[in-house]
Every structure is written in structure tokens, then in C-alpha cells.
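Novice: Which chain is which? The protein sequence lines are A and B, in order.
Residues in the first sequence are numbered from 154 upward in steps of one, following this note's numbering.
Residues in the second sequence are numbered from 154 upward in steps of one, following this note's numbering.
Take a look at the following structure, please.
2 protein chains.
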Amino acid sequence: MLKLSKKVEYGLIAVRHIASLNNQISTVKEISEKYAIPSDVLAKVMQRLTKGKLITSHQGAMGGYTLARRAEEISVMDVIAVIEGTQVGIAQCFAEEPQNCSIFHACTIKNPLGKIQHNLEHVFNSMKVSEIV
Amino acid sequence: MLKLSKKVEYGLIAVRHIASLNNQISTVKEISEKYAIPSDVLAKVMQRLTKGKLITSHQGAMGGYTLARRAEEISVMDVIAVIEGTQVGIAQCFAEEPQNCSIFHACTIKNPLGKIQHNLEHVFNSMKVSEIV
DNA sequence: TGAAATAGGACTACGCAAGTCGTATTTACA
DNA sequence: TGTAAATACGACTTGCGTAGTCCTATTTCA
Ligand code: SF4
Ligand code: SF4
Numbered sequence: 154m155l156k157l158s159k160k161v162e163y164g165l166i167a168v169r170h171i172a173s174l175n176n177q178i179s180t181v182k183e184i185s186e187k188y189a190i191p192s193d194v195l196a197k198v199m200q201r202l203t204k205g206k207l208i209t210s211h212q213g214a215m216g217g218y219t220l221a222r223r224a225e226e227i228s229v230m231d232v233i234a235v236i237e238g239t240q241v242g243i244a245q246c247f248a249e250e251p252q253n254c255s256i257f258h259a260c261t262i263k264n265p266l267g268k269i270q271h272n273l274e275h276v277f278n279s280m281k282v283s284e285i286v
Numbered sequence: 154m155l156k157l158s159k160k161v162e163y164g165l166i167a168v169r170h171i172a173s174l175n176n177q178i179s180t181v182k183e184i185s186e187k188y189a190i191p192s193d194v195l196a197k198v199m200q201r202l203t204k205g206k207l208i209t210s211h212q213g214a215m216g217g218y219t220l221a222r223r224a225e226e227i228s229v230m231d232v233i234a235v236i237e238g239t240q241v242g243i244a245q246c247f248a249e250e251p252q253n254c255s256i257f258h259a260c261t262i263k264n265p266l267g268k269i270q271h272n273l274e275h276v277f278n279s280m281k282v283s284e285i286v
């Protein structure tokens with residue numbers, strides 16, 4: 154409950170790693186070994202980050218990944234959003250269609266929770282990869 | 154991911170409900186019908202809140218629940234902690250023994266995530282039931 | 001051509017969330 | 001004193017999301 158997924162953690166570690174090496178090209182093998190991350194899992198995370206245009210892939214031998222933007226322009230929220238695919242929400246009504254919650258009409262806590270939601274979004278949005286290298 | 158459990162939401166709704174009625178005694182039946190919450194689920198939530206000494210139970214006919222403290226003295230964090238039983242943590246190393254994470258020694262993001270963790274704890278701790286009635 | 005690398009789908013295992021069911025216990029009140 | 005209204009509590013099912021594994025295809029450098 155309220156926990157980030159391992160995929161997101163791996164993604165943050167990877168992006169931070171590349172940034173810390175001044176955007177030098179890095180491979181899945183290199184990163185997975187250095188941080189003891191299962192390489193297959195990390196591989197898929199990198200592929201999602203690529204699709205989300207946060208990093209750029211270089212295929213073939215001597216290939217790997219580099220950042221697609223400057224580290225100052227990649228937020229923790231970007232990484233989460235791209236890897237998860239879904240909206241970040243601390244309650245169903247913030248993560249999906251509000252009406253999906255069968256209680257929505259009678260719910261008396263959605264407004265207070267909304268404040269927490271906004272606060273969390275702000276924290277994730279304002280923390281950039283450049284500050285965690 | 155990052156979502157509060159329904160049990161916590163139900164607990165918050167229930168506690169807020171009792172507080173909004175000036176601590177008048179309320180039953181599971183009454184609350185579950187008013188907010189369309191499955192009564193069996195709510196019942197167990199109330200029992201946990203009772204064990205956690207946030208509310209007081211009154212058994213038998215004409216029984217129900219009242220708050221065990223003033224609404225100003227019950228935080229959202231109290232409700233979460235009592236219902237979940239476990240520590241709130243946005244990552245494994247904050248929720249359980251840090252060594253449980255097989256990556257802990259090499260992890261480069263635990264400090265930045267710690268800031269987010271701390272912020273979240275503050276928000277949950279400072280929001281009291283009295284402000285959401 | 002072969003090795004190194006990314007791309008990506010299929011699948012399993014496990015744990016947790018949510019809800020259901022059944023039964024025991026307590027207590028007000030007729 | 002009996003019955004109805006209420007809490008107490010454990011066992012169980014079902015479904016879903018997370019984490020991880022495996023396998024194969026494709027790209028590209030040397
Ligand atoms: S409406 Fe209320 S109960 Fe439904 S998801 Fe939003 S906060 Fe939770
Ligand atoms: S140590 Fe790093 S990887 Fe392990 S749980 Fe904490 S943050 Fe996540």
C-alpha cells in the first residue's frame with residue numbers, strides 16, 4: 154500500500170546512473186550488474202523509458218542508452234508516468250474515471266484526499282533527476 | 154500503485170461520519186447503508202479502529218461506536234497506521250527492515266526517496282479528522 | 001559472419017486487496 | 001427471561017497486480 158513499484162525504482166536508478174556519467178552510453182548489462190537488478194526486468198523498464206522518450210536507445214553491438222533530455226528536464230513524475238502507463242492517484246477516483254468508484258456519489262473524503270493528491274503530484278513533479286545524482 | 158486501500162478509505166469515512174455527528178453513537182449498519190459500503194468489510198475496519206483505541210465500541214442492542222478521542226486529536230496517519238498494521242513506506246526499505254531489500258547496499262535513490270517519504274508522513278500526520286468534517 | 005546489444009511477447013509464481021460467510025458474544029428492553 | 005440488535009472474529013474465495021523468468025527476433029559493429 155502506497156508503495157512505488159520496483160520497476161519505477163529500477164527506472165530511477167538507471168536514469169540517475171546515466172546522468173551521473175554525464176550521459177555516457179550505458180548498457181542494461183552494466184547497470185543490472187552494478188546495482189544487482191534482474192537484467193530482464195531492467196531491460197523492459199528501459200524499453201518503456203525509451204518509448205516514453207525519456208531516454209534514447211542505441212541498438213546493436215556497442216549500443217546502449219543515453220538520456221533524451223537534460224537531467225534537469227526529467228522529473229521523478231516523468232519516470233513514474235512513463236513506466237506505469239497509468240495516472241498516479243492515491244485513490245481510485247484520482248487514478249481512473251471518478252465514476253468507477255461505486256461510492257463516489259456518497260464519498261465525503263475525496264476533497265481532503267484531493268489535497269494530499271495535489272501535494273504528492275507537486276513533490277514528484279518538482280524533483281528532477283539532476284538533483285538526485 | 155501508491156493507492157490507499159479501500160479499508161483505509163472506509164475507516165476515514167466512518168470516523169469522519171461520527172465526528173460530523175458530534176460523536177453521537179453510530180452503528181455499522183447506519184454507516185454502511187449511508188455510504189454504500191459493504192457492511193462486513195466495514196465491520197472489520199471498525200474493529201481494528203477499536204483495537205487501535207481511536208474509537209470505542211458499545212456492544213449489544215442500541216450499541217455502536219463513538220470516537221475515543223477528540224476529532225482534533227485523530228490524524229489521517231493514525232487511521233492508516235491502525236488499519237494497516239504495518240508502517241507506511243513508499244519503498245520497501247521504509248516500510249520494513251531496510252536489509253530486506255536485496256539492493257539496499259547499492260541503491261542510490263533511497264536518500265531522495267526518503268525526502269518524499271518524510272513529506273508524505275508530514276502530510277498524513279498533520280491532517281486531522283476535525284479538518285475534514 | 002558472429003558477437004553484443006536492444007525489442008518484445010508469453011508465461012509463471014506469489015502476495016495482497018476486497019469481499020463473503022458463518023458463528024459466537026454482548027446487552028437493552030419488552 | 002427471551003429475543004432482537006448489535007459487536008467480535010476467524011476462515012474462506014476470488015481477482016488482480018507485482019516481480020520475475022524464458023524465449024526469440026532484430027539491429028549493428030567489428
Ligand atoms: S470517491 Fe471516495 S471512496 Fe471512491 S475512490 Fe475517491 S476517495 Fe476513494
Ligand atoms: S533500498 Fe532502494 S531499492 Fe531498496 S527499497 Fe529502498 S529505495 Fe527501493
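Cβ coordinates follow ideal geometry from the N, Cα and C atoms, glycine included.
All values reported here derive from a predicted model rather than from experimental measurement.
To the nearest angstrom, report how far apart Leu157(A) and Thr239(A) are at their CA atoms.
Specialist: As a working note, residue 157(A) is residue 4 in the first sequence. As a working note, residue 239(A) is residue 86 in the first sequence. Their backbone Cα atoms lie some 13 angstroms apart in a straight line.
Novice: Need the endpoints of the alpha helix (DSSP H) that Ser279(B) sits in, please.
Specialist: In the second sequence, counting from the first residue as 1, residue 279(B) sits at position 126. Ser279(B) -> alpha helix (DSSP H) spans 263 to 279.
Novice: I need the straight-line Cα distance from Cys246(A) to Asp193(A), nearest angstrom please.
Specialist: Within the first sequence, residue 246(A) is the residue found at index 93, counting from 1. Within the first sequence, residue 193(A) is the residue found at index 40, counting from 1. So the alpha carbons of these two residues sit roughly 33 angstroms apart.
Novice: Work out the CA separation of Val168(A) and Ile285(A) for me, nearest whole Å.
Specialist: On the first sequence, residue 285(A) is found 132 positions in, with the first residue counted as 1. On the first sequence, residue 168(A) is found 15 positions in, with the first residue counted as 1. Whole-angstrom Cα-Cα distance: 10 angstroms.
Novice: Using only Cβ atoms and a threshold of 6 angstroms, which residues come within that distance of a heavy atom of ligand 1? Order them by chain position.
Specialist: Every residue passing the under-6 angstroms Cβ criterion appears here: Ala244(A), Gln245(A), Cys246(A), Cys254(A), Ile256(A), Phe257(A), Cys260(A), Ile262(A), Lys263(A), Leu266(A), Glu162(B).
Novice: If the criterion is Cβ atoms closer than 8 angstroms, does the pair Ser179(B) and Ile171(B) meet it?
Specialist: Taking the first residue of the second sequence as position 1, residue 179(B) is located at position 26. Taking the first residue of the second sequence as position 1, residue 171(B) is located at position 18. Yes, these two residues count as a Cβ contact at 8 angstroms.
Novice: Where does the unbroken beta strand (DSSP E) through Ile208(A) begin, and where does it stop?
Specialist: In the first sequence, the residue the question calls residue 208(A) occupies position 55. Here the beta strand (DSSP E) through Ile208(A) covers 208 to 211.
Novice: Could you tell me if Met199(B) is buried or exposed, where buried requires 16 or more neighbouring beta carbons within 10 angstroms of its beta carbon?
Specialist: Here residue 199(B) refers to the residue found at position 46 of the second sequence. The residue in question, Met199(B), is buried, as its Cβ has 16 or more Cβ neighbours within 10 Å.
Novice: Check whether chain B comes within 8 angstroms of Lys281(A), counting only Cβ atoms and requiring the distance to be less than that.
Specialist: For the purposes of this step, residue 281(A) is taken as residue 128 along the first sequence, with counting starting at 1. Not one chain B Cβ lies under 8 angstroms of Lys281(A).
Novice: With 16 other CB atoms within 10 Å as the buried threshold, where does Ala244(A) fall?
Specialist: Within the first sequence, numbered from 1, the residue matching residue 244(A) stands at position 91. Flag for Ala244(A) reads buried.
Novice: Hey, how far is the Cα of Pro174(B) from the Cα of Val232(A)?
Specialist: One-based indexing of the second sequence puts residue 174(B) at position 21. One-based indexing of the first sequence puts residue 232(A) at position 79. At residue 174(B) the sequence reads Leu, which differs from the Pro that was named. Going by the C-alpha atoms only, they are around 44 angstroms apart.
Novice: Within 8 angstroms, do at least three Cβ pairs link the stretch 264 to 272 of chain A to the stretch 217 to 237 of chain A?
Specialist: Output reads no: the stretch 264 to 272 of chain A does not touch the stretch 217 to 237 of chain A.
Novice: Give a yes or no on whether 8 angstroms exceeds the smallest Cβ distance from Val276(B) to chain A.
Specialist: Walking along the second sequence from the start, residue 276(B) turns up at place 123. Yes, Val276(B) counts as interfacial toward chain A.
Novice: Under three-state DSSP, which class holds Gly216(B)?
Specialist: By one-based count along the second sequence, residue 216(B) stands at place 63. It is coil, neither helix nor strand.
Novice: Tell me whether Gly164(B) is buried or exposed, calling it buried when 16 or more other Cβ atoms sit within 10 Å of its Cβ.
Specialist: As a working note, residue 164(B) is residue 11 in the second sequence. Counting Cβ neighbours within 10 Å, Gly164(B) comes out buried, since at least 16 surround it.
Novice: Counting only runs that start and end within the stretch 165 to 241 of chain B, where is the beta strand (DSSP E) found for 3 or more residues in a row?
Specialist: Qualifying beta strand (DSSP E) stretches, in chain order: 208 to 211, 217 to 220.
Novice: Give the range of the alpha helix (DSSP H) segment to which Cys254(A) is assigned.
Specialist: Locating residue 254(A) in the first sequence gives position 101, counting from the first residue. Note, Cys254(A): premise wrong, no alpha helix (DSSP H); not H, not E.
Novice: Exposed or buried, Ala224(A), counting other C-beta atoms within 10 Å across all chains shown (16 or more means buried)?
Specialist: For the purposes of this step, residue 224(A) is taken as the residue at position 71 of the first sequence. Answer is buried; the Cβ neighbour count reaches 16.
Novice: Taking beta-carbon pairs under 8 angstroms, can you tell me which members of the stretch 244 to 256 of chain A lie near chain B?
Specialist: Listed in sequence order: Ala244, Gln245, Ala248, Ser255, Ile256.
Novice: Evaluate Ser255(A) with the Cβ neighbour count: other Cβ atoms within 10 Å of its Cβ, from every protein chain shown; 16 or more gives buried, anything less gives exposed.
Specialist: Within the first sequence, residue 255(A) is the residue found at index 102, counting from 1. Ser255(A) comes out exposed.
Novice: How would you call Ser228(A), buried or exposed, if buried means at least 16 neighbouring beta carbons within 10 angstroms?
Specialist: Residue numbering aside, residue 228(A) sits at position 75 when the first sequence is read from its first letter. Buried.
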